[in-house]
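Please read the structure below before turning to the comments.
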Amino acid sequence: MDQVLWFGWFRADIITQYAGLFWQGLQMTVLITLICIVQGTALGLAVGLANLAEARRAPARQLCKYALRWPATVFVSFFRGTPLFVQILLIHFAVLPLFINQADGLLISGEAARNIKQNYGAFLSGVVALTLNAGAYISEIFRAGIQSIDRGQVEASRSLGLSFPRTMYHVILPQAFRRMLPPLGNNAIALLKDSSLVSAIGLAELAYAARTVAGAYSRYWEPYLTISLMYWVLTLGLAYVVKKLEDRYGRGDTR
């Protein structure tokens, strides 16, 4: 194959030859990012509400403290206090085999476990690790956003007979959501870039594609500059979507 040089050093033929691999990597990166954004936001909301759960009377007051706030605090502390790369390795090589194992998996065993681990093991581990990590950070965004709303609104709602969940759903969260959009958008962009770490466990996303091409040619400018530009375009697109959401839903914020 003829070598096509751009700017005297960039071999375009490497990229065109492996265009299919880069395209598959792009699809996987977008897929895992979207799944983890949705699941991480749902998990973050649940953990954030658990961190703020309260009750007026015993034993519900003790239940909120020991069954909700304490476990939520430990969860957030662990996943914010340890490297995401370590979390990915821990889940893939220790946690996943505990539940999905051909010999004695707690959830799935036998031939089904072997097929799942062989065909979807890296994907499942990556999704679980990124979701848990994102959930821990997003929970703090929800907690801070909810606490930024005047406490009097919570007390007024409770005095009218609304339960804690109904107060959150009808009064607090709609107001807090506008204030949480910028940090939620930043977290989504960080999650998109952090998805490159799952290439370490063999998931065929963009970073894995670049590493494969670099190993085949022993050239690094072409593959890594290519995925850098692809990540850049993806983050610009995501930032644009977040900006549009801010323009639409942030107008009513009267801080």
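16 is the number of the first residue of the sequence shown in the working numbering; add one for each residue after it.
Idealized CB from N, CA, C, for every residue including glycine.
Review point. How long is the line joining the alpha carbons of T250 and I204, rounded to whole angstroms?
Key: C-alpha separation (whole angstroms): 6 Å.
Practice item. Note down, in chain order, each residue of its chain lying with its Cβ closer than 6 Å to the Cβ of I242, except the 5 sequence neighbours on either side. Key: Taken in chain order, the residues that qualify are L221, A225.
Point to revise | Nearest candidate by alpha-carbon position, reference S140, set A27, G120, A215, S233 | key: Considering only alpha carbons, the answer is A215.
Exercise for review: Just tell me which of W24, M43, R26 has its CA closest to the CA of Q245.
Suggested key: Gln is not the amino acid found at residue 245; the sequence shown has Met there. Cα-wise, what sits closest to M245 is M43.
**Study point:** CA-to-CA distance, S124 to Y152, given in whole angstroms
**Key:** Distance between the alpha carbons of Y152 and S124 is about 33 Å.
**Study point:** Other residues of its chain near A70: CB distance less than 6 Å, five sequence neighbours each side excluded
**Key:** So the qualifying residues of the chain are R76, C79.
**Study point:** Inter-residue Cα distance where the pair is T48 and A254
**Key:** Note on geometry: alpha-carbon atoms of T48 and A254 lie some 14 Å from one another.
Review point. If you pair each beta-carbon of the segment 80–93 with each one of the segment 58–66, do three or more pairs fall below 8 Å?
Key: Yes, since at least three Cβ pairs between the segment 80–93 and the segment 58–66 fall closer than 8 Å, the two stretches touch.
Review point. Does the beta-carbon distance from L218 to A137 come in below 8 Å?
Key: In this structure, A137 lies closer than 8 Å to L218 by Cβ.
Review point. Are the beta-carbon atoms belonging to S154 and V101 less than 8 Å from one another?
Key: The beta carbons of S154 and V101 sit no closer together than 8 Å.
Review point. How many Å lie between V169 and I187 at the Cα?
Key: Answer to the nearest angstrom: the Cα atoms are 7 Å apart.
**Study point:** Those residues which DSSP pairs with I123 across a bridge
**Key:** I123 is bridged by DSSP to I115.
Check your understanding: With 16 as the cutoff for other CB atoms within 10 Å, does G252 come out buried or exposed?
Key -> Label assigned to G252: exposed.
**Study point:** DSSP three-state assignment for Q177, whether helix, strand or coil
**Key:** Sequence inspection shows Leu at residue 177; the Gln mentioned does not correspond to that position. Correct three-state label for L177: coil.
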